[in-house]
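Here's the structure, in structure tokens; my notes come after.
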Amino acid sequence: MRVLALDVGSKTIGLAVSDVGGSMAHAREVLRRQGHKLDSAAVLALASELEVRALVVGLPLELDGSEGHRARLVRRFLKVLEAAIAEAERALPVHTWDERYSTAAAERTLLEADVSRAKRKQNIDAVAAQFILQGWLDAQARRRESSTPDDRGEPW
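FYI, the numbering for the sequence shown is 912 to 1067, going by the numbering used here.
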């Protein structure tokens, strides 16, 4: 089961996708923002193409865990995205995931890989989405491992 993750920024949306087994995240691409409706349509088209079964959207929480201005902007996009999913009559659950530190982790990873500044700028949002997705996938795996045999249904 594939999962698609989004790192929603003001100018771009970084995308990452899991492997079919839902255990490993891979950076995919970066979309230029064109407005909530067009962005939602692009995400849904990719989700359909990749046959994903769930979306994970990074929620930029404040350091204290509260939702600030950036999180409210992402929540506005989420409303449009969920409306587009409903309009398309798709069963595509949308999950949010704390994305604090994902961009910093992506930057560190790209620096350690000695990626040029220009390439880092082009790819950082997709790599941040990869960190978001891997965190979510790992949490789902831990949840499945700690569940009792009677409640091992699909967590997504």
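For glycine and all other residues, C-beta sits at the position ideal for the given N, C-alpha and C. If you're wondering where the values come from, they're calculated on a predicted model, not measured in any experiment.
- By the Cβ-count criterion, Ser951 is buried, with 16 or more other Cβ atoms from all chains shown falling within 10 Å of its own Cβ.
- The C-alpha of Val928 is placed about 4 angstroms away from the C-alpha of Leu915.
- Per the coordinates, the alpha-carbon of Leu992 lies some 30 angstroms from the alpha-carbon of Arg1019.
- DSSP places Val954 within a helical segment (H, G or I) once states are collapsed to three.
- About 5 angstroms separates the beta carbon of Thr1007 from that of Val968, a gap short enough to meet the 8 angstroms contact definition.
- Inter-segment contact for the segment 1038–1049 and the segment 935–946 is present: three or more beta-carbon pairs are separated by less than 8 angstroms.
- In the DSSP assignment, Ala997 forms no beta bridge with any residue.
- If you look at Asp918, you'll find it in the beta strand (DSSP E) that goes Arg913 to Val919.
- Leu961 and Glu1056 have their C-alpha atoms roughly 27 angstroms apart.
- As the crow flies, the alpha-carbon of Arg987 is around 31 angstroms from that of Gly932.
- As the crow flies, the alpha-carbon of Ile924 is around 18 angstroms from that of Ala994.
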